[in-house]
Amino acid sequence: MTRLPSAEFELAPGGSAGHYALSGVLSFATAREALARGTAAFTGSEARTVDLSGVTHADSAGLSVLLTWVERARREGWHLTYTTLPAQLMKIARLCAVEALLTAAE
Numbered sequence: 093m094t095r096l097p098s099a100e101f102e103l104a105p106g107g108s109a110g111h112y113a114l115s116g117v118l119s120f121a122t123a124r125e126a127l128a129r130g131t132a133a134f135t136g137s138e139a140r141t142v143d144l145s146g147v148t149h150a151d152s153a154g155l156s157v158l159l160t161w162v163e164r165a166r167r168e169g170w171h172l173t174y175t176t177l178p179a180q181l182m183k184i185a186r187l188c189a190v191e192a193l194l195t196a197a198e
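Under the numbering used here, the residues of the sequence shown are numbered 93 to 198, in order.
Encoded structure:
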């Protein structure tokens, strides 16, 4: 039986204004909370960078969260950049033909 990773994640401010670090699990188990935390954290119109180097597991629900944040940034007129996207997440994005939406700002 495959053991799933612990369903914990964190979205924390990074070292400078507009920088955030996402770490842990970004999956069906955490997507709703991740979306809510991002909505609360991403206020105003400043550019934001989200470092995903600490993400240990991601699935299609996690991808949906990132795409929702991309759409929100586009709609509200602020710039969003993802850095260090995990290979697992990029494989799902490629399969869904949405990779360009995640990497357009890199």
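All residues carry an ideal CB built from backbone N, CA and C; glycine is no exception.
Note that this is a predicted model, so its numbers are computed, not measured.
Item	Value
Take T195 and list the residues in its own chain whose beta-carbon comes closer than 7 angstroms to its own, dropping the five residues that flank it on each side.	none
Considering just the uninterrupted stretch of the alpha helix (DSSP H) at S152, what are its terminal residues?	152-168
V142 and L181: beta carbons closer than 9 angstroms?	no
For L172, is the classification buried or exposed, using 16 other Cβ atoms within 10 angstroms of its Cβ as the cut-off for buried?	buried
Using the C-alpha atoms, what's the distance from R166 back to A179?	24 angstroms
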